[in-house]
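Protein chains: 2
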Amino acid sequence: VPHRGCAYGCARVGRNGKPFEAITVTHVDTSTAVLADLKAMCDVVKAVSPDTLVIVDAVCSAAGEELRMDEWGVDFVLTGSQKAFGVPPGLSIMCASQKAMSRLLPKDKIKNYFCNMQLWLPIMEAYEARKPSYFATPACNLIGALRVGLEQMQDHPNGMDDYFRLHRENKTKLHKIIQGEMGLELLTESSEIASNLLTCMKYPAGKGPEILPIMKKKGWILAAGLHPEVGGTYFRMGHMGYSVTTKPEYCTDLLKDLKDTLEGK
Amino acid sequence: VPHRGCAYGCARVGRNGKPFEAITVTHVDTSTAVLADLKAMCDVVKAVSPDTLVIVDAVCSAAGEELRMDEWGVDFVLTGSQKAFGVPPGLSIMCASQKAMSRLLPKDKIKNYFCNMQLWLPIMEAYEARKPSYFATPACNLIGALRVGLEQMQDHPNGMDDYFRLHRENKTKLHKIIQGEMGLELLTESSEIASNLLTCMKYPAGKGPEILPIMKKKGWILAAGLHPEVGGTYFRMGHMGYSVTTKPEYCTDLLKDLKDTLEGK
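Residue numbers (the numbering used here), protein chains in the order written: chain Z, 1 to 265; chain G, 1 to 265.
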């Protein structure tokens, strides 16, 4: 289990005889679609170095991939509004454990104004107590949209459990078409270690990034590969939120058009 | 001319025999509606201490109050999208002169990531050259709204000149009603030194903040006074953008309802 091994190394080594203050993990790597086994990593850190904070970049995972902060022992999650929350971009969303909050530097040691969590904290506490408070004008329209996004996710019969399940099942279905019917190769070694929200596929022989603008003309936005070493060999398809739960035919229609495009139609 | 005197002091004194690096000015003070005589202050700084940067907080002024960076010699303007631009809140808008840009610290000396202008600069230059570039996902919906806001402002026959004029004339009209017909006192010593986008009025004898929720029920949002010493003695009314250029009757209708409310109707 490479993820567990990596976490074991990080959690055990420390520096100057002291455990590391924190380990950081990218839950889903946007450039390659690799999904980290976050729970396994948390288990290792808890067992080997319980004081080490687990900080997760969940920009490309939160809301769509299973992530249980309290249960797994994740201390800090940082994400954005524009992926599986189904909300326009512009909000940076942060969740911190009590342990993480207790490690915050004092207000005046944080060399930052807008991004100083100590300045936001009393505001957030006032909001929770339904009291008006002010630090900077919030992006109200986006926060209204976030509310709608959160409600839509929780409206499933079993709430977030269903939401996660729908994304997992959708990936299985799509990968079956991609690997089976279309004979394309995933960038990841297996489907199991790939994200449920994003698929990276290798271009078949003789094809390359020229298919992306053709697909765009057909109404689909696919993204180019991003990895510095192999970026030119693959492309990326997002499948999260609305296009999974409400209009899953978008995903399969896209693959039909992709098949045609690769066959020169 | 108090503003000029103040700027003279700031620009002249310096520290340790060196001129000040910058002076900062709030163009319109949100809490009191005082409008700084920015041009006069710039003239003084240029004459007395030409190396000093003029940095303007224009959150409550930009787009509605006259502000001419190149002509007046303003080096940096910081504002938001949610006032006279008529755009939802969420964008921080910054304009810098070449002089200000030449004084930026190098990238690694700026103890900040998202707000590090050196990291944004190559992205902005790429956008200007119509080349794709990426640092952080922009708040596309708000940027689309900003485009619409900017176009609406420039769509007047004489562009921004008309937009400024409409705000000046609207203030004159409103202050005449407020001071004349309604017999209310402004918080500022005169109408001349008050903003064209915002009016602070003192409560008449026997009235106080209880009128604000009554006005809210009638469909108008007025804001309480904010100044730490006299906050309880006055209230604030915004008049900018749409409610000036497109629906000026909103302003006069509000004052009619305010008159009724103050008369207990």
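Note that the Cβ used here is the ideal one computed from N, Cα and C, for glycine as well.
Relative to the alpha-carbon of residue i, which residue among the options has its alpha-carbon at the smallest distance?
| i | options | result |
| --- | --- | --- |
| Z/Leu-78 | Z/Leu-91, Z/Glu-71, Z/Asp-70 and Z/Val-87 | Z/Leu-91 |
| Z/Gly-278 | Z/Thr-30, Z/Val-28 and Z/Ser-49 | No answer is possible for residue 278 of chain Z: the residues shown for chain Z start at 1 and end at 265. |
| G/Glu-71 | G/Lys-46, G/Asp-253, G/Val-87 and G/Pro-89 | G/Lys-46 |
| G/Glu-263 | G/Arg-147, G/Pro-204 and G/Gly-241 | G/Pro-204 |
| G/Met-41 | G/Ala-33, G/Leu-67 and G/Thr-32 | G/Leu-67 |
| Z/Asp-161 | Z/Ile-221, Z/Gly-180, Z/Pro-209 and Z/Glu-65 | Z/Glu-65 |
| Z/Asp-37 | Z/Asp-51, Z/Asp-108, Z/Val-74 and Z/Lys-109 | Z/Val-74 |
| Z/Phe-164 | Z/Met-240, Z/Lys-207 and Z/Asp-43 | Z/Met-240 |
| Z/Ala-136 | Z/Pro-122, Z/Val-148 and Z/Gly-149 | Z/Pro-122 |
| Z/Asp-253 | Z/Lys-265, Z/Val-230, Z/Tyr-234 and Z/Trp-220 | Z/Trp-220 |
| G/Met-101 | G/Ile-55, G/Ser-133, G/Val-28 and G/Lys-131 | G/Ile-55 |
At 9 Å on the CB atoms, spell out the chain G contacts of residue i, in chain order.
| i | result |
| --- | --- |
| Z/Asn-141 | Pro-88, Pro-89, Gly-90, Asn-141, Leu-142 and Ala-145 |
Which bits of chain Z does residue i rub up against, with CB to CB less than 8 Å?
| i | result |
| --- | --- |
| G/Lys-111 | Lys-111 and Asn-112 |
| G/Gln-82 | Thr-137 |
| G/Ser-251 | In the sequence as displayed, the identity of residue 251 of chain G is Cys instead of Ser. Under the 8 Å cutoff, chain Z gives no residues; its nearest Cβ is about 22 Å from G/Cys-251. |
Would residue i and residue j qualify as a contact pair, given that the criterion is a beta-carbon distance under 9 Å?
| i | j | result |
| --- | --- | --- |
| Z/Ile-193 | Z/Leu-35 | yes |
| G/Arg-236 | G/Asn-196 | no |
| G/Val-59 | G/Lys-83 | yes |
| G/Met-124 | G/Ala-63 | no |
| G/Ile-93 | G/Leu-53 | no |
| Z/Phe-292 | Z/Ser-61 | Nothing can be reported for residue 292 of chain Z, as the shown portion of chain Z is limited to 1 through 265. |
| Z/Ile-211 | Z/Thr-245 | no |
| G/Thr-30 | G/Leu-255 | no |
| Z/Leu-174 | Z/Cys-251 | yes |
| G/Tyr-242 | G/Gly-9 | no |
| G/Met-201 | G/Glu-189 | no |
| G/Ala-89 | Z/Ala-129 | Here the sequence assigns Pro to residue 89 of chain G, which means Ala is not the residue at that position. Result no, Cβ atoms of G/Pro-89 and Z/Ala-129 do not sit closer than 9 Å. |
| Z/Leu-187 | Z/Gly-225 | yes |
| Z/Cys-95 | Z/Met-69 | yes |
| Z/Thr-227 | Z/Thr-26 | The residue you asked about is not Thr; residue 227 of chain Z is His in the sequence shown. Contact: no. |
| G/Leu-119 | G/Tyr-113 | yes |
| G/Ser-81 | G/Ala-145 | yes |
| G/Asn-158 | G/Pro-248 | no |
| G/Lys-216 | Z/Lys-111 | no |
| Z/Met-182 | Z/Lys-259 | yes |
| G/Glu-21 | G/Arg-103 | yes |
Could you spell out the range, first to last residue, of the alpha helix (DSSP H) harbouring residue i?
| i | result |
| --- | --- |
| G/Phe-164 | 160-176 |
| G/Ala-47 | 38-48 |
| G/Ala-100 | 98-102 |
| G/Thr-26 | First-last for G/Thr-26: 22-26, but that is the beta strand (DSSP E), not the alpha helix (DSSP H). |
| Z/Lys-256 | 249-262 |
| G/Leu-78 | It is not in any alpha helix (DSSP H) - G/Leu-78 instead sits in the beta strand (DSSP E) that spans 76-80. |
| Z/Leu-150 | 140-154 |
| G/Leu-121 | 117-128 |
| G/Val-244 | 242-245 |
| G/Leu-212 | 211-217 |
| Z/Met-69 | 69-72 |
Quick one: which chain G residues come within Cβ less than 7 Å of residue i?
| i | result |
| --- | --- |
| Z/Pro-106 | Chain G residues near Z/Pro-106: none, gap ~16 Å exceeds 7 Å. |
Could you please give the first and the last residue of the uninterrupted beta strand (DSSP E) stretch that includes residue i?
| i | result |
| --- | --- |
| G/Tyr-234 | 234-238 |
| G/Asp-57 | 53-57 |
| Z/Lys-202 | 198-202 |
Report whether the distance from the Cβ of residue i to the nearest heavy atom of the ligand PLP is below 8 Å.
| i | result |
| --- | --- |
| Z/Trp-220 | By its list of ligands, the structure shown contains no ligand whatsoever, and the ligand PLP lies outside what it can speak to. |
Could you tell me whether the Cβ of residue i comes closer than 9 Å to any Cβ of chain B?
| i | result |
| --- | --- |
| Z/Ala-100 | Looking for chain B here will not work: the only protein chains present are Z and G. |
Taking Cβ-Cβ distances below 7 Å as the criterion, which residues of the segment 54-80 of chain G are in contact with chain Z? Gly-80
Got a sec: which bits of the segment 170-193 of chain G sit with their beta carbon under 9 Å from any beta carbon on chain Z, in order along the chain? none
Taking a Cβ distance cut-off of 9 Å, strictly less, list which residues of the segment 113-124 of chain G are near chain Z, in chain order. For the segment 113-124 of chain G, the beta-carbon criterion of a distance under 9 Å to any beta-carbon of chain Z is satisfied by Tyr-113, Phe-114 and Cys-115.
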